Structures are given as C-alpha cells and as structure tokens.
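Undergrad:
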Amino acid sequence: MSTTQLLFSEKVRRFVKRNGSVVIFLILAIIASIFVKNFFALNNFLTIIKQAAIPIIACLGITLVLMTGGIDLSLGYTLGLCSITVGLLVKGVGLPIWLSIFITLLVGLLVGFINGILVQVVKVPAFIVTLGTGYIIFGIAQIVSSGSDINRLPANFRAIGVTNIFGLNTTVLISLIICVVMYYLLHHSTFGRSLSAFGFNAKAARMSGIKTERLNISVYMICSFLVAIAAILLTIRVNCAQPTMGGGVYTFEVITGAIIGGASLFGGIGTVIGSVFGVLTIKVLENCINLLNVSYYTYQAFQGIVILLAIIFENVKNRRL
Amino acid sequence: MKKTILEMNAITKFIFDEHGQPLRGTTVKILEDVHFDVKEAEVHVLVGENGAGKSTLMKIIGGIIPADEGEMLLDGEVITFAGPRESLAHGIGFIHQELNLCLNLDVAQNIFLGRERQKKLFIDKASMYTEAREMLLRLGFDIDPKTMVRDLSTAQQQIVEIVKVLSYDCRIIIMDEPTASLTKSEIDKLFAIIHDLRRNGISIIYISHRFEELKEIGDRITVLRDGRYIGTVDIEDFDYDKIISMMVGRKLGAMFQSSHQVQDEVVLEVKGLRISRNTEPINLYVRSGEVVGLSGLVGAGRTELGKSIFGSRTYYGGEILYMGEEIGGLHPSNLIEKGVIYLSEDRKLEGLVLDMSLKDNITMASLKRMYPKTKIDFKREEVVAQESIDKLNIVANSVEQICNTLSGGNQQKVVVAKWLLTNPKLLILDEPTRGIDVNAKSEIYKIIDQLASQGVAILMISSELPEIIGMSDRIYVMKRGAIAAELTDKREFIQEKILSHTL
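Chains as they are written, first to last, in my numbering: chain A, 1 to 321; chain B, 322 to 824.
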C-alpha cells in the first residue's frame, strides 16, 4: 500500500494544522487592513518586517529550547550582556569589528553552554536554572558596563546591520538567512528529527541511539548563539549598547511568538514557519496599536488577548481538523 | 426470552489522528459494521485477540469515545453519550482494565469521589466511612475504608473499583479483564458477586482472555476479529475449538520454528557483572546464531541485566565483552553502531515515541547510518519505512500514521522494524511479545528464528515459559539478581523444572 496522492483540501488542512500562526497572522492582517488607517501600505509592511527581523532570530532559538521541553528565561538578559559586550569591545576597547563580533558570539555560546550543562548534567529544571543564570547574567552586564550605555557606535560597525542590499536591509537579510538555515536544521536534518523525538520521549530517544545529552546542551548553545546575533543587530539598530537591553519583557515576547507559532511547552513540537509568523503576529499587533495611538499599557493587554486567542485557536484547530 | 436493553448496530470507528479526529476514507478501521447487544440480567462475554476492537467497542458504550457511524439503542431509543458521566447517568458503569483510582485518597474517598456525602457545608466523613464499609462487607471484603488506596494490593484496588461502580446503581456493568490481577480465591469472590448481580437483574459485559472463566459465568459469547463482528454463541453451544477458530480466523501453524544453527563464535560474554552491590556476579555468554532464553520471576534482575549491557543503567563491576571487546558503559548510540540493540519491555515509555509517525520511529535508530551527512532524504525514508511495514505485516494507514493510534501488536512490530533496520548482530529482547496477540506473536517468533539463522546472537528475556521453551537453544534462569541455573539440554526444558529454579 503506497501513500495516495493527497487531495488539495487535505494539503490545506495539514498546512493549517501545522502552521496555525499563519492563519492567525492573516486574520489579524485582514482585520487591520480594513479597520486601521494607514496599515495597508507597502512602507508599513516593510516597517513591520524590519521590527520583526531581530526578535525572529531569538524566537527561533527559544523554539528549539521549547522543543526539548525546556525553557530559557535568561534569554533577555543574555541579549543585554551581548549588547554591552559588543559595544565595549568595538568602542571601549577598540578591537577590530570581526573580533568583537566573534567574542560576543562566544559569550553567547558560553552562556548557552552553562545553561545546557546545568540542565543536562546537574539535572535542575530549566525553568529554575535559567531564572538563576538570568539574574547572574544581568548582574555581570551591569558590572562590566558600570551601569552605563555606550552610544554612537562606529559607522563601519553599524554598516553590518543598516546597509541595503538589493533594496533589502542587511538585518532583514541576515534574519532571512538564519530562517532558511534553521528551517533546514529543524525540518530537513537528523538534528531536527532527533530534537522532536527527544522532546516527546527522552528515554526512547536515548535508547534509540540519539545522543540526547549532547543534543540538549547544544540546543541551549544554539539558542544563546542566536540571541547573541540578535543582540548585535539590535545594538546596531538602536545605535546604543545597553546592559539593560532585552530583559524579562523581551524573553516573554519571544516565548509568546513561539507559543503563538504552535511550539509546545511540553516539548516535541515547534516549526520555523510557525515561530516566524508568531513573531509577525505580535509585531502587526504592536504596529496597529501604534497607528491607533493607543497607550502602551493597552498594547500589553491586547498582547495578552492575542496569546489567549492563539491558544484557543490551537485547541479548536486540533479538535476540528 | 429476556428483554434486550442495549443494542448497537453497524458501529464503525475509523482510526484517528493524534487529536482523536477520525481519518475517514482509509482502509484501516478499528471497528467496522459491528453489532452487539445486551439482554437484561445476562453476562455477555466479549472475546477477541488484542487489537480486535473489544476495548474500543466498550469505550463507545462507556461514552469515552464516540462511534463514527452506526447507532446505539438503550431501551429501544437511540442514544449518544457525550462523555463517561452521561453514560454513568444512564446506568452504565465501566470498570477499566487499568484502574482509575486516586492513589493519594483513601478507599471511601475514592468510592464517593465527586459526590461526597455532606452535612451542611462540611463533608460528612463518618457516614461515608460507614457506608463504604457496609458496601465492602456486603460483597464479602473486609477492607478498612480508611486505608489509602496506594497501600492496597492491585486485587484490593480492583474490588474498590467494583464497589464504586456498583454504588452508582448501574444496570449494565462493563468489566474489562477484571481477573487479570486477581488470585484464585479473589476470582471466586468476584464470580459470586457477578452471579449475585445477575440475579438482581443487572447485566454484565465481560471481557476476558481466560477461556476457563467463560463457561463458569457467561451466558453468551460474542467474538470480534480485526474490528469485525464474527458472531455470537450461546453458552450451551460453547466449543473451545470453535471459539478459537472464530477468533483467529485461520489455523495457526506451528508457533515456534527452529531453522537456525548455533555457531561457535561467542558474540556476547558477560563476566562477573553485578547488577547491584549486594547481588552475586553474573556470568553468561551468547553465541552467534543462538537464541538464549533468560527466564525468571519479575524482579529477578533480568531487565536490569539487559539495561546494564545496553548502557542504560549503572552496574557494579564486571566485564561486558562483545566480540571480545569491552563495551561496558558505552552510550546506546555507540552500541547500536556496533550492532548491539536492546528491545525494551516497555514499548510506550522506552520503545516508541508515540507522538511521532511510523516512519519517524522506524528510522529513528538508523538516522546516523542512513544520513551520514545529516540531510534527511524523505523519499528514501518513505520507501524504507514502507518496506518494513510490508515485511512485518504492520497494519497501518500510511507511513505517516502516528504510532499512538496503532494497536499494541502493531506498535511492537514498529519497534522490531526499528531495530531490524539497524542490522543488529546482538539482540537483547526484553519481553518481545508482551501484550500482543497470537498472530503477531507467531510472526515475531518467525523473525527471531530468521535472524538467528543469519547468525545474529539473541538474548531473549521472557516471562512466558512456553515462549522460552519453544524458542531457546539454551536457558539461563535468574533469581535474586544472579544466574540461578543454566539449562543446556533441551530435555530439561520443562515448565516445572524452570519454575523450580526461579523460586
């Protein structure tokens, strides 16, 4: 019995099922186009994409972590540490740009390694480990920067993120490349398959010859590595290295994106397309609130509503489709 | 002529996806056009192999899952249940095979769960305990209603479950293999209860694998096979062979085959391994092309030994030699590469990733070998998985089907398929046929024999003596974490003899 050719409707059904956030995004975008003045404009869309580009990078990182059944609450603080690191190295110490970036990425990897080791080897729940390391990282960032920001970064450093190539901003381009790489990694490589298996059933995965210990640690490293990239790009974007950049709010925004994207907090499930559109959904909402001139507090309430709606949608979708 | 109270016509249940939604338009169905009825005050026995659809049919009656097609009539009126509570409200009680008690509550609290007796605002504990005690005594059981359920034996827990269901004044009670964990005297008591209930006009639907029980308590027997209704027989017409042939549908060939030849090369040698600090050291060996049975009681240390060899457990000293090379403490991943595999006794926890597809599970242990460059070739993967499905006769809709929608036997075959794909040279099989039906068993025996004739060394842990006797070339018997006996002469392969070593 070979698998029969899938019907078109079946294909649609499967797509919606796997990528619920695309549907949520479209619904929200259509509503916004109708009701929000100035929303439906090419320029506005480009703004949204620009705003989403950096969080998407971090969100893909946390998506991997969520797929293991873990969580990284230190994410936002890692962002701050990497921001101040790159700022200090580029401007304060005056190291070559490539070396500064290299060291910053190493800092990201180191943070991830420590988180991963604590989760995997010391076997402390990820929630607690990363809550703890998060505060430590925040403290370190404050100490090395003496609590102050570093403004006006060198132009050749900033060029990495603000140049236009083929009409596309390099930040967006870098984000896009990362999406493609992560898509391959998650959906077309044995790494993604192993990760899913590990997230669903760690015991069975290990006994099927998956090196779960290594896998688990590497996931935290990839996450923090991506966060370091996001930190560099964000530092360039705001032209200011800040130890307080990111923080808890950022962590939750990124996790929210992944959750809207269908990633499961219980592990096993997560997709690149889902997470990308999860972040885009949040950014569309933010954009609408801006256009409507509503206060930031209202925005937060709205964000809460969208999370709840996304989860309800997820449930309904799973039951009906 | 007794009145028919429950009638089910043309019930069909499709296989479903991970969210419980029916996959229509597939050729594989869990139940197809099944008829079933229950008369007043009768014990209606339901038999069939594992995966025949007995439990599914009962879940439909119990309101746990809906039927996709067909109708259910209660007292001649069409009825559907939205959930177990509705079914219970209509007087249908369900005693599950896996008990549904809260271990952290006491007996009375479990019996009255969700409808606690109240005195004004407070729970009336005193009257709950008295009532529970009375109910238990009425059935002839002297269990203190204040005992925590956790502290009861499985049999006693079963009794509590029965009391709980009885206390709902049910007209129909479903019992899914109630005697599986009971002792002889407890079974006698249960049967007395069942006779009592029937005398009081209550109907029982009774699922059992034990034929000797059927004659004792059954009024009618319905046989299901592969999700289909085969027929209903009155107890007066009960004939053992007839029921078997209805269940199996074809004559079983010789269950155990032996076409393999033991060779000289020693593949696995365990020297002085201690599975815990206080146990005697274990010495054993398995040769190429040899099936070695590892017998013993549950808890004798067989699984611990298997897992120690497979790098999934700490052991206390000793050597594990595979083809003369020390493999102790290696990661399963390295062992699989070398050709050593361990099939776990617990397929749901350690054997399969239930939430993933057949294809994903079948290739899981071979990812590194199939895709050394880590890029997955989806087409090739599908072909490989499909080949396994065909080779092992796995009944499934497609290679994309999620494993938790498969029956136990098919799940086990998926695990076997996964391990076969790794080209193993040493197989440690831990209860390879646990919880699967006769047909699947005989197929797995065939595979074991085939592998052995290809020169694979096999260490088979099993609690089923016929299986150990039928398959093994040599038998080790374990007791208290150590090897108690080694039987090399096939004339010694007698149940009583093996048992005497285990005790």
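Note that CB positions come from ideal geometry on N, CA and C, so glycine has one too. From a predicted model like this one, the values you see are computed outputs, not experimental measurements.
Of the choices 236(A), 79(A), 256(A) and 72(A), whose alpha-carbon is the least far from that of residue 276(A)?
TA: Taking the first sequence and counting its residues from 1, one reaches residue 276(A) at position 276. Nearest of 236(A), 79(A), 256(A) and 72(A) to residue 276(A), Cα basis: 256(A).
Undergrad: Against residue 210(A), what residues of chain B qualify as contacts under a CB-to-CB distance less than 8 Å, listed in chain order?
TA: Sequence index remark: in the first sequence, residue 210(A) carries index 210 (1-based). Per Cβ cutoff of 8 Å: 654, 685 and 688.
Undergrad: Tell me residue 58(A)'s beta-bridge partners as DSSP assigns them.
TA: Position 58 of the first sequence, counted from the start, is the residue given in the question as residue 58(A). Partner(s): none; residue 58(A) has no beta bridge.
Undergrad: In the structure shown, what three-state DSSP assignment does residue 307(B) receive?
TA: Past the boundaries of the shown model lies residue 307(B); chain B is included only from 322 to 824, so the question cannot be answered.
Undergrad: For the putative contact between residue 653(B) and residue 632(B), defined by C-beta atoms under 8 Å, what is the C-beta separation to the nearest angstrom?
TA: Sequence index remark: in the second sequence, residue 653(B) carries index 332 (1-based). Sequence index remark: in the second sequence, residue 632(B) carries index 311 (1-based). About 5 Å; that satisfies the 8 Å criterion.
Undergrad: Roughly how many whole angstroms lie between the Cα atoms of residue 347(A) and residue 280(A)?
TA: This structure does not reach residue 347(A), given that chain A is present from 1 up to 321, and the question cannot be answered.
Undergrad: I'd like to know if the stretch 228 to 241 of chain A and the stretch 691 to 711 of chain B are in contact, where contact means that at least 3 CB-CB pairs between them fall below 8 Å.
TA: Touching, no.
Undergrad: What are the boundary residues of the alpha helix (DSSP H) that includes residue 102(A)?
TA: In the first sequence, counting from the first residue as 1, residue 102(A) sits at position 102. First-last of the alpha helix (DSSP H) with residue 102(A): 97 to 120.
Undergrad: Quick one: any contact between the stretch 543 to 558 of chain B and the stretch 370 to 386 of chain B, if contact means 3 or more CB pairs under 8 Å?
TA: Judged by Cβ distances under 8 Å, the stretch 543 to 558 of chain B makes contact with the stretch 370 to 386 of chain B, as three or more pairs qualify.
Undergrad: What runs of the beta strand (DSSP E), each 3 residues or longer, lie entirely inside the stretch 381 to 457 of chain B?
TA: Complete beta strand (DSSP E) runs here, min 3: 390 to 395 and 413 to 416.
Undergrad: So the alpha helix (DSSP H) residue 156(A) belongs to, where does it begin and stop?
TA: The residue given as residue 156(A) occupies position 156 in the first sequence. 155 to 162 is the span of the alpha helix (DSSP H), which, as asked, contains residue 156(A).
Undergrad: From this set, 330(B), 661(B) and 439(B), which residue's C-alpha is nearest residue 388(B)'s C-alpha?
TA: Counting from 1 along the second sequence, the entry for residue 388(B) is found at position 67. When only C-alpha atoms are compared, the closest one is 330(B).
Undergrad: CB-CB under 8 Å to residue 678(B), same chain, minus the five flanking residues each way: which ones, in chain order?
TA: As a position in the second sequence, residue 678(B) is number 357, starting the count at 1. So the qualifying residues of the chain are 720, 721, 722, 723 and 724.
Undergrad: Which runs of the alpha helix (DSSP H) at least 4 residues long sit entirely within the stretch 236 to 313 of chain A? Give them in chain order.
TA: The qualifying runs are 247 to 260 and 272 to 291.
Undergrad: Evaluate the contact criterion for the stretch 189 to 202 of chain A versus the stretch 42 to 49 of chain A: three or more CB pairs, one atom per stretch, below 8 Å.
TA: These segments do not touch.
Undergrad: Less than 8 Å between the CB atoms is what I'm expecting for residue 52(A) and residue 283(A), so what's the real figure, rounded?
TA: Residue mapping note: residue 52(A) aligns to position 52 of the first sequence, counting from 1. Residue mapping note: residue 283(A) aligns to position 283 of the first sequence, counting from 1. Right, the Cβ-Cβ distance comes to about 4 Å (below 8 Å), so this counts as a contact.
Undergrad: Using a Cβ-Cβ distance under 7 Å, would residue 696(B) count as near chain A?
TA: Numbered from its first residue, the second sequence carries residue 696(B) at position 375. For residue 696(B), the answer is yes, since a Cβ of chain A falls inside 7 Å of its Cβ.
Undergrad: Alpha carbon to alpha carbon, how far is residue 800(B) from residue 603(B)?
TA: As a working mapping, residue 800(B) is identified with position 479 in the second sequence. As a working mapping, residue 603(B) is identified with position 282 in the second sequence. So the alpha carbons of these two residues sit roughly 11 Å apart.
Undergrad: Could you give the DSSP three-state label for residue 769(B): helix, strand or coil?
TA: Translated into the one-based positions of the second sequence, residue 769(B) becomes position 448. Correct three-state label for residue 769(B): helix.
Undergrad: What does residue 221(A) touch in chain B if you count any residue whose Cβ is under 9 Å from its own?
TA: Counted from its first residue, the first sequence places residue 221(A) at position 221. Residues of chain B passing the Cβ test: none, with the nearest at roughly 17 Å.
Undergrad: Measuring only between beta-carbons, confirm whether residue 670(B) sits less than 7 Å from chain A.
TA: Against the second sequence, residue 670(B) aligns to sequence position 349. Chain A, which has a Cβ nearer than 7 Å to the Cβ of residue 670(B), makes this yes.
Undergrad: Nearest-angstrom Cα distance between residue 706(B) and residue 657(B)?
TA: Mapped onto the second sequence, residue 706(B) falls at position 385. Mapped onto the second sequence, residue 657(B) falls at position 336. Distance between the alpha carbons of residue 706(B) and residue 657(B) is about 19 Å.
Undergrad: Can you find a CB in chain A that lies within less than 7 Å of the CB of residue 509(B)?
TA: As a working note, residue 509(B) is residue 188 in the second sequence. No, residue 509(B) lies away from the interface with chain A (no Cβ there is under 7 Å from its Cβ).
Undergrad: Do you know how far the Cα of residue 111(A) is from the Cα of residue 599(B)?
TA: Here residue 599(B) refers to the residue found at position 278 of the second sequence. Here residue 111(A) refers to the residue found at position 111 of the first sequence. Rounded to the nearest angstrom, the two C-alpha atoms are 43 Å apart.
Undergrad: Anything in chain A within Cβ reach of residue 676(B), meaning under 7 Å, just list it in chain order.
TA: Taking the second sequence and counting its residues from 1, one reaches residue 676(B) at position 355. Residues of chain A passing the Cβ test: 200 and 268.
Undergrad: Out of curiosity, what's the CA-to-CA distance linking residue 274(A) and residue 671(B)?
TA: Position 274 of the first sequence, counted from the first residue, corresponds to residue 274(A). Position 350 of the second sequence, counted from the first residue, corresponds to residue 671(B). Their Cα atoms are separated by approximately 29 Å.
Undergrad: Report the option in 363(B), 333(B), 344(B) and 355(B) whose CA atom is closest to the CA atom of residue 325(B).
TA: Residue numbering aside, residue 325(B) sits at position 4 when the second sequence is read from its first letter. Measuring from the Cα of residue 325(B), the nearest candidate turns out to be 363(B).
Undergrad: Considering Cα atoms alone, identify which of 352(B), 369(B), 357(B) and 474(B) is closest to residue 386(B).
TA: Within the second sequence, numbered from 1, the residue matching residue 386(B) stands at position 65. Residue 352(B) is the option with its Cα nearest to residue 386(B).
Undergrad: Thinking C-beta only, is residue 81(A) closer than 7 Å to residue 219(A)?
TA: As a first step, residue 219(A) must be located in the first sequence, where it is residue number 219. As a first step, residue 81(A) must be located in the first sequence, where it is residue number 81. Contact flag unset, no.
Undergrad: For residue 590(B), tell me which candidate among 682(B), 683(B), 627(B) and 568(B) has the shortest Cα-Cα distance.
TA: For the purposes of this step, residue 590(B) is taken as residue 269 along the second sequence, with counting starting at 1. Residue 590(B) has its Cα closest to that of 627(B), out of 682(B), 683(B), 627(B) and 568(B).
Undergrad: Express the C-alpha separation of residue 424(B) and residue 452(B) in angstroms, rounding to a whole number.
TA: For the purposes of this step, residue 452(B) is taken as residue 131 along the second sequence, with counting starting at 1. For the purposes of this step, residue 424(B) is taken as residue 103 along the second sequence, with counting starting at 1. For residue 452(B) and residue 424(B), the distance between alpha carbons rounds to 20 Å.
Undergrad: Can you tell me which of the three DSSP states residue 819(B) falls into?
TA: Locating residue 819(B) in the second sequence gives position 498, where the first residue counts as 1. In the structure shown, residue 819(B) sits in a helix (DSSP, three-state: H, G or I).
Undergrad: Do residue 468(B) and residue 428(B) count as a contact pair if the criterion is CB distance below 7 Å?
TA: Along the second sequence, one-based indexing puts residue 428(B) at 107. Along the second sequence, one-based indexing puts residue 468(B) at 147. Their beta carbons are under 7 Å apart, which means residue 428(B) touches residue 468(B) by this criterion.
Undergrad: Counting along the chain, where does the beta strand (DSSP E) carrying residue 335(B) start and finish?
TA: Start at 1 with the first residue of the second sequence, and residue 335(B) comes out as number 14. Run containing residue 335(B): 325 to 335, per the beta strand (DSSP E) assignment.
Undergrad: Which residue marks the beginning of the beta strand (DSSP E) containing residue 608(B), and which one marks its end?
TA: Your numbering for residue 608(B) matches position 287 in the second sequence. Looking at the DSSP string, the run of the beta strand (DSSP E) that includes residue 608(B) is 603 to 608.
Undergrad: Mind checking which residues open and close the beta strand (DSSP E) that includes residue 354(B)?
TA: Within the second sequence, the letter at position 33 stands for residue 354(B). Taken as a continuous stretch (DSSP letters only), the beta strand (DSSP E) holding residue 354(B) covers 350 to 360.
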